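Counted from 1, the sequence shown has number 266 at position 44 by the numbering used here; the numbering is strictly sequential.
Structure record follows, encoded as C-alpha cells.
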Amino acid sequence: MSSDNGVPAAIEADLRRRRVITASSLAGFVAVTILICSQMATVEIVTVYSLASLLHLPATVLTVLSVLVAVPSLWLFFQVARLAFEAETAPENN
C-alpha cells in the first residue's frame, strides 16, 4: 500500500518519526532546559532556605533537608530535559 506521492506507507511513517536534529533545535533544547530548570532550582533553594531559617535548623539537618530535596529535583531536571529534547526535535514542530 502506498500513499498519493508513490512512497510506501511504512517508509513515509518512518520519515515522520525521525528526529530533526539541527543546531537550532539543539540550541532551543538547551535554552528551554536551562530556563525551566533554573526556575525550578530557584524555587527549591528558596523553599529550603526559608524553611531552615523559619525553624532555626542546625547545619546537619539543613544538609539532610537539602539532599532530600535535591534527589527528586535532579530526577525532575532530567525529565524536563527529556521532554524538551522530544519537543524541540519532533518533526511536527520543524
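From the three backbone atoms N, C-alpha and C, an ideal C-beta is built for every residue, glycine too.
Source: prediction; values computed, not measured.
Boundaries of the alpha helix (DSSP H) in which Val286 is found, first to last residue = Element bounds for Val286: 281-311.
Drop a sphere of 10 angstroms on the beta-carbon of Phe251, count the other beta-carbons inside from all chains shown, and report buried for 16 or more, exposed for fewer.
-> Result: buried.
Is Asn316 helix, strand or coil when you go by DSSP?
-> Coil at Asn316, not helix or strand.
Spatial neighbours of Ser288 in its chain, beta-carbon cut-off 8 Å, leaving aside the 5 residues before and after = Excluding the 5 residues flanking it on each side, Ser288 has same chain C-beta neighbours closer than 8 Å at Val270, in chain order.
Within 8 Å, strictly: CB atoms of Ala303 and Thr255 = Pairing Ala303 with Thr255 gives a Cβ-Cβ distance under 8 Å.
In its own chain, which residues sit with a C-beta less than 7 Å from the C-beta of Leu298, not counting the 5 before and 5 after it?
-> Within the same chain, Leu298 has close Cβ partners Met262.
Going by the CB atoms, is the gap between Val242 and Thr311 shorter than 8 Å?
-> Taking a C-beta distance under 8 Å as the contact criterion, Thr311 and Val242 qualify as a contact pair.
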